[in-house]
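> Can you read through this structure? Questions will come right after.
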Amino acid sequence: MFPYQSLQDSAMKSTNPLSRLFGPNPFSLLKSHMRVVLRSAEELPTLFEAVMDQRQDDVEVIQQRIFAIEAEADVIKKEVRRHLPRTILLPVNRADLIELLSMQDRIANVAQDVAGLVVERRMEVPDCLRDHLMPFVQDCLAVCRYAATIIEELDELLETGFSGPEAQTVSEMIDELNRLEHASDESGMAISRALFRHEDAIKPVSVIFWHRLIEWIGDTADNAEAVGERLQLMIDTR
Amino acid sequence: MEIIVTYGPWFIGLALVAGLYMTWGVGANDLANAMGTSVGAGALTVKQAIIIAAVFEFAGAVLAGGSVTSTIRKGIIDPAGLEANPEYLVYGMLAALLSAGFWLMIASAKGWPVSTTHSIIGALVGFGLVGIGAESVQWDQIGSIVASWIISPAVGGLLAFLFMLSVRKLILNTPDPFEAARKWGPAYIFLVGFIISLVTITKGLSHIDINISTLMGTLISVAIGVLTALVGGMLLRRAKRDLEAEKDFRFASVEKVFAPMMIFTACAMAFAHGSNDVANGIGPLAAVVSIVESGGAILQKSALPLSILLVGGFGIVIGLVTMGYRVMMTIGKRITELTPTRGFCAELAAASTVVLASGTGLPVSTTHILVGAVMGVGLARGVGAIDMKMIGRIVTSWIITLPIAGAVAAVLFFILRAIFG
Numbered sequence: 109m110f111p112y113q114s115l116q117d118s119a120m121k122s123t124n125p126l127s128r129l130f131g132p133n134p135f136s137l138l139k140s141h142m143r144v145v146l147r148s149a150e151e152l153p154t155l156f157e158a159v160m161d162q163r164q165d166d167v168e169v170i171q172q173r174i175f176a177i178e179a180e181a182d183v184i185k186k187e188v189r190r191h192l193p194r195t196i197l198l199p200v201n202r203a204d205l206i207e208l209l210s211m212q213d214r215i216a217n218v219a220q221d222v223a224g225l226v227v228e229r230r231m232e233v234p235d236c237l238r239d240h241l242m243p244f245v246q247d248c249l250a251v252c253r254y255a256a257t258i259i260e261e262l263d264e265l266l267e268t269g270f271s272g273p274e275a276q277t278v279s280e281m282i283d284e285l286n287r288l289e290h291a292s293d294e295s296g297m298a299i300s301r302a303l304f305r306h307e308d309a310i311k312p313v314s315v316i317f318w319h320r321l322i323e324w325i326g327d328t329a330d331n332a333e334a335v336g337e338r339l340q341l342m343i344d345t346r
Numbered sequence: 218m219e220i221i222v223t224y225g226p227w228f229i230g231l232a233l234v235a236g237l238y239m240t241w242g243v244g245a246n247d248l249a250n251a252m253g254t255s256v257g258a259g260a261l262t263v264k265q266a267i268i269i270a271a272v273f274e275f276a277g278a279v280l281a282g283g284s285v286t287s288t289i290r291k292g293i294i295d296p297a298g299l300e301a302n303p304e305y306l307v308y309g310m311l312a313a314l315l316s317a318g319f320w321l322m323i324a325s326a327k328g329w330p331v332s333t334t335h336s337i338i339g340a341l342v343g344f345g346l347v348g349i350g351a352e353s354v355q356w357d358q359i360g361s362i363v364a365s366w367i368i369s370p371a372v373g374g375l376l377a378f379l380f381m382l383s384v385r386k387l388i389l390n391t392p393d394p395f396e397a398a399r400k401w402g403p404a405y406i407f408l409v410g411f412i413i414s415l416v417t418i419t420k421g422l423s424h425i426d427i428n429i430s431t432l433m434g435t436l437i438s439v440a441i442g443v444l445t446a447l448v449g450g451m452l453l454r455r456a457k458r459d460l461e462a463e464k465d466f467r468f469a470s471v472e473k474v475f476a477p478m479m480i481f482t483a484c485a486m487a488f489a490h491g492s493n494d495v496a497n498g499i500g501p502l503a504a505v506v507s508i509v510e511s512g513g514a515i516l517q518k519s520a521l522p523l524s525i526l527l528v529g530g531f532g533i534v535i536g537l538v539t540m541g542y543r544v545m546m547t548i549g550k551r552i553t554e555l556t557p558t559r560g561f562c563a564e565l566a567a568a569s570t571v572v573l574a575s576g577t578g579l580p581v582s583t584t585h586i587l588v589g590a591v592m593g594v595g596l597a598r599g600v601g602a603i604d605m606k607m608i609g610r611i612v613t614s615w616i617i618t619l620p621i622a623g624a625v626a627a628v629l630f631f632i633l634r635a636i637f638g
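Line by line, the protein sequences are chains A and B.
Position 179 of the first sequence, counted from 1, bears residue number 287 in my numbering, the numbering being contiguous throughout.
Position 302 of the second sequence, counted from 1, bears residue number 519 in my numbering, the numbering being contiguous throughout.
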């Protein structure tokens, strides 16, 4: 069952003025969304392990899973947007909230793009990339995981009005997120260097597509970092 | 005069039925709204909530409700011009009760956020305006009542906002929020007892001929506050740190401390509600009874008989038992957004505001003030999402309620006059 279903119940028409006063909590929805998004990112290491072992059937199964997860995230995203008319009083800037949601959603979108390309073009891992690929994918996943950990703090942030020591803690977590993203950039550069060093030995078209794939994998981490930046904006503009 | 003597029992019987119907509605809906969050927070079972409601509603009506009842009885329609035809006032009061009851029935079926208070005021004005004449309506009084409908939710909101900020500063933003909650909890419970009794003693009691000096009143209020804080302190000591739940939500244990505090706001809400809303049903009833019993005299200054208050309290308890319990359970389940910390701040603010209004004799709407208080919590950035359309719905409900209740009351007045002469 999708996590947003209980929220649809609460949005049911009620005759009670008090229960009609509350819209579905967008922060719980953001948390649910991020949990789903993270699941799509978690599939990437399994996907690339299967690609390295040339288990095409497994690759396709994983691709299907990623597509399904992305669709699930989309449903929650639409649910959040549907419940954010301008007449809703939010504790944060409405635009920042929608932007945060988009950043989260892009992680799943990029994971989908990666999986799609890997399947459709039947990407094979060149030998020169073998040592670099998994560390890079894992580094990017670490950034996504940490962003998801930060998003779990939304309840606490809401309770404290996005200020005080809790906001301070989250700001420090966001600093850590930036450090992790920087580390993933380093391993991204390492794998790119390996690709360029051996570009003459690989089919030119493959070079182009691997370069693109590396960029996309890195985008998951970039978007995870952007999630943190948006959250920092919410804390700063109180 | 003859009409009153001839049909006296009829009038009293009709007023009793209509008054019971109004108070039944108040118990089934309004009061259940006010107390549902405490049930939802797990602070009270439905049964406990009903017992608390019955006791404190009645206490509120007796100790602090006299002023509002007298506003409804004499403050809206000036009976001075009706000495020759006292039966008109009886018709009018009956018409107002029936009209408000009728309108509330429709509105609740449609789910509109209407208030019993607004219905009864609209009905009384409508009867006065059409049935007697514009000069019989005490417009300056109406002016201050209408102003209070705007000011009271704002005051409730401001108080809730301040309470919320203080909870954050004193409890949530500390190194050990759980300990801080246990330390400050009794202070907040003190506030519940202190504020409610201070307002009641200084503003409400004079209406039942008990006059206490301000200094004495303050001292008694402090004593009551300390007493409630002591009782509360014992309850709070039982709250345990829930390390498992804290992993998921760092303030889970704080909420556990605040949950029993909702018992006190439930009492306060019931008391506040009793001080204001009981008057809607029993004000007109009391007016009818006093005219009939005196054989047509409308200007005597009689105190509110206890028996009428009992009727009001009875109607409310019946409303709670027959339907209110269901409303309480639904609300408790549905309004999960009103966690104990937020709910406590909102309800303490709302109850204080209502009791203050009651002391001044202003008939206000408990539900609207509670909505205002919740918005105050929201403005303190404490709630995920508040639908501001609710403000529009409430204002629309006033704009519709006043003329409709008024028109129906006027029509009923003419019908009653045609029947009884």
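Quick reminder that beta carbons are idealized off the backbone N, C-alpha and C, glycines included.
(1) Do you know offhand how far Gly541 (chain B)'s Cα is from Met605 (chain B)'s?
(2) Cutting at 7 angstroms between CB atoms, please list the residues of its own chain near Met109 (chain A), excluding the five before and the five after it.
(3) Mapping the DSSP letters down to three states, classify Leu579 (chain B) as helix, strand or coil.
(4) Given a cut-off of 8 angstroms, decide if Ala626 (chain B) and Ser284 (chain B) are closer than it, judged by their beta-carbon atoms.
(5) Is there contact here, the region 296-305 of chain A with the region 231-249 of chain A, by at least three beta-carbon pairs under 8 angstroms?
(6) Can you pull out the residues from the region 127-151 of chain A whose beta carbon lies closer than 8 angstroms to at least one beta carbon of chain B?
(7) According to a CB-to-CB cut-off of less than 9 angstroms, which residues of the region 585-605 of chain B neighbour chain A?
(8) Pick from B:Gly500, B:Glu510 and B:Asp465: whose alpha carbon is nearest that of Leu527 (chain B)?
(9) Looking at Ser295 (chain A) and Pro234 (chain A), is the spacing between their C-beta atoms short of 8 angstroms?
(10) Count the other CB atoms within 10 Å of the CB of Ser430 (chain B); is the residue buried (16 or more) or exposed (fewer)?
(11) Taking a Cβ distance cut-off of 7 angstroms, strictly less, list which residues of the region 459-478 of chain B are near chain A, in chain order.
(12) Report the partner residues of Asp604 (chain B) according to the DSSP bridge assignment.
(13) Below 8 angstroms, how does it come out for the region 365-372 of chain B and the region 567-579 of chain B: are there three or more Cβ pairs, yes or no?
(14) Is it buried or exposed for Gln212 (chain A), if we count other Cβ within 10 angstroms and need 16 for buried?
(15) Note down, in chain order, all residues in the region 317-342 of chain B with a beta-carbon under 7 angstroms from any beta-carbon belonging to chain A.
(16) Does any CB atom of chain B fall closer than 8 angstroms to the CB of Leu208 (chain A)?
(17) Can you list, in chain order, the residues of its chain with a C-beta nearer than 7 angstroms to that of Glu472 (chain B)? Leave out the 5 residues immediately preceding and following it.
(18) Closer than 9 angstroms, Cβ to Cβ, to anything on chain B: give me those residues from the region 263-274 of chain A, in chain order.
(19) If you draw a straight line from the C-alpha of Met160 (chain A) to the C-alpha of Asp263 (chain A), how long is it?
(20) Buried or exposed for Asp494 (chain B), going by 16 or more other Cβ atoms inside 10 Å?
(21) Specify, as a first and last residue, the run of the alpha helix (DSSP H) that Gln162 (chain A) falls within.
(22) Determine, using beta carbons only, whether Ala149 (chain A) and Thr345 (chain A) come nearer to each other than 8 angstroms.
(23) What do you get for Val222 (chain B), buried or exposed, if any count of 16 or more other CB atoms within 10 angstroms of its CB means buried?
(24) Straight-line CA distance for Ala597 (chain B) to Ala351 (chain B)?
(25) Return the residue from the list A:Glu267, A:Pro193, A:Ile322 and A:Arg214 that minimises the CA-CA distance to Phe156 (chain A).
(26) Going by CA-CA distance only, name the one from B:Thr618, B:Phe631, B:Glu274 and B:Leu629 that's closest to Ala485 (chain B).
(27) Compare the beta carbon distance of Arg338 (chain A) and Asp165 (chain A) with 8 angstroms and say whether it is the shorter of the two.
(28) I want to verify the contact list: residues of chain B whose CB lies under 9 angstroms from the CB of Ile196 (chain A), in sequence order.
(29) Quick check: the Cα distance between Met478 (chain B) and Leu444 (chain B), rounded to an integer number of angstroms?
(30) Is there a Cβ from chain A that is less than 8 angstroms from the Cβ of Ile548 (chain B)?
(31) Run through the DSSP bridge pairs and tell me what Val354 (chain B) is partnered with.
(32) With 7 angstroms as the C-beta to C-beta threshold (strictly closer), list the residues of the region 218-235 of chain A near chain B in chain order.
(33) What does DSSP give as the partner residues of Phe130 (chain A) in its beta bridges?
(34) By a C-beta neighbour count over all protein chains shown, 10 Å radius and 16 as the cutoff for buried, is Val612 (chain B) buried or exposed?
(35) Just reading off the alpha helix (DSSP H) that Ala219 (chain A) is part of, what are its end residues?
(36) Give me the subset of the region 312-339 of chain A whose CB atoms are less than 8 angstroms from a CB atom of chain B, sorted by chain position.
Put simply:
(1) 26 angstroms
(2) Only weak support is given to the placement of Met109 (chain A): the predicted model assigns it a pLDDT of 29, under 50, and the value that follows is read from those uncertain coordinates. There are no such residues.
(3) coil
(4) no
(5) yes
(6) Ser127, Arg128, Leu129, Phe130, Gly131, Pro132, Asn133, Pro134, Phe135 and Ser136
(7) His585, Leu587, Val588, Val591, Met592, Gly595, Leu596, Ala597, Arg598, Gly599, Val600, Gly601, Ala602, Ile603, Asp604 and Met605
(8) B:Gly500
(9) no
(10) exposed
(11) Phe466, Arg467 and Phe468
(12) A:Ile196
(13) yes
(14) buried
(15) Ser325, Gly328 and Pro330
(16) no
(17) Thr556, Pro557 and Thr558
(18) Asp263, Glu264, Leu266, Glu267, Thr268, Gly269, Phe270, Ser271, Gly272, Pro273 and Glu274
(19) 40 angstroms
(20) buried
(21) Neither: Gln162 (chain A) is in no alpha helix (DSSP H) and is coded neither H nor E.
(22) no
(23) exposed
(24) 44 angstroms
(25) A:Ile322
(26) B:Glu274
(27) no
(28) Ala602, Ile603, Asp604, Met605 and Lys606
(29) 14 angstroms
(30) yes
(31) B:Ile294
(32) none
(33) B:Ile603
(34) exposed
(35) Arg202 to Glu228
(36) none
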